[in-house]
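Residue numbers (this note's numbering): 448 to 543.
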């Protein structure tokens, strides 16, 4: 060990440790930037999926309100099932 210390100038071990620390720090910064870009791309993809789902949900709500409109149901009942609103004289109340 003493021969190794004689072969290296004073402070060179500290410089080597600092160089390795700077190198590792630079690699960590590059990795962090890459990871952040990947997460941002994933976020934009998920936001796109969410927007498409919201648009589909809006279309389905509109379709549901169309199919359950009272006048549409009444028209279908009258045309297809030949149903009609009974007259007051035709209504019978049944007591339990």
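For each residue, glycine too, the CB sits at the ideal point set by N, CA and C. Predicted model only: the values in this text are computed from it and were never measured.
| Query | Result |
| --- | --- |
| Beta-carbon contacts of residue 475 that lie in its chain and below 7 Å, excluding the five residues immediately before and after | none |
| Between the CA atoms of residue 519 and residue 542 - distance to the nearest angstrom | 32 Å |
| Local conformation of residue 496 per DSSP, three classes | helix |
| Residue 530 beta carbon less than 9 Å from that of residue 536 | no |
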